[in-house]
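Read through the structure below, which is laid out as structure tokens, and then see the notes.
Numbering (the numbering used here), first residue to last: 291 to 533.
What follows is the structure, given as structure tokens:
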């Protein structure tokens, strides 16, 4: 679930209400406009978009992928899981207490806003692992290898968005989940969305036998357009973001 608090309004986008949002606790259909048009909420394909007049653009696919885009005027002024946005990844692991976290787990835990039934910090007992041999089974073109295939559907994006991290994350996640197709499709969709954000061409990659199609191709292929970084300094506002 993603929660945005802005202009005294609370917007919640939850997996429990796919295609809709809650505004101050009231389930609402999209598109929707708030605060005299200063906040707009709408849907592009399978993604919810929240956009404000001061340059914030937040997206959530009602499942697992969240993006937050803000103007360069906020560089160095942010905090949280996305770091401080100062262009230096070395100081991004700053916990909620202002101290550098010892590891990613401690960093993530420090920003936790509440407990979720069924979720725990860390592993209960032994953490699941995958050997290199087990991972190799999911590195081919029938699984995560489709991301890095130089002649595949993402060939025009490979030189624009480095696929290495997406490929490695895909192999790890799919291996941990023993080849679960929904995890595979979710991992590939994350790379697709990132490619679309930078305007890279994506060829059709879903088929009846691979990740299916839940929406018309026109919607699946639609490129998300975000705020450009050269906006003027935004006016002062009273709002915050938590996720």
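All C-beta atoms in this analysis are idealised placements derived from N, C-alpha and C, irrespective of residue type, glycine included. This one's a predicted model, so the numbers in the text were calculated from it and none came from an experiment.
Annotated three-state conformation of residue 484 is helix, per DSSP. Taking all protein chains in view, the Cβ of residue 294 is crowded by 16 or more other Cβ atoms within 10 Å, so the residue is classified as buried. Positions of the beta strand (DSSP E) runs, each at least 3 residues long and wholly inside the segment 298–373, are given as 299–303, 311–313, 316–318, 322–324, 329–334, 337–342, 347–350 and 356–359 in order along the chain.
Between the beta-carbon of residue 425 and that of residue 461 there is about 5 Å, and that keeps the pair under the 8 Å contact cut. Contact between residue 334 and residue 301 does not hold, since their C-beta atoms are separated by about 16 Å, which reaches or exceeds 8 Å.
Judged by beta-carbon spacing, residue 346 lies within the 7 Å limit of residue 360, meaning their Cβ atoms are closer than that value. DSSP places residue 471 within a helical segment (H, G or I) once states are collapsed to three.
In the pairwise beta carbon analysis, the segment 392–411 is classified as not touching the segment 453–460: fewer than three pairs are separated by under 8 Å.
Counted as a single uninterrupted DSSP element, the beta strand (DSSP E) harbouring residue 295 occupies residues 292–296. Across the structure, residue 428 and residue 482 are spaced so that their CA atoms are roughly 18 Å apart.
Counting C-beta pairs closer than 8 Å gives fewer than three between the segment 412–421 and the segment 431–440, which falls short of the contact rule.
Residue 357 is positioned such that its CB atom lies closer than 7 Å to that of residue 349.
Taking a 10 Å sphere around the C-beta of residue 351, we find 16 or more other C-beta atoms and assign the residue as buried.
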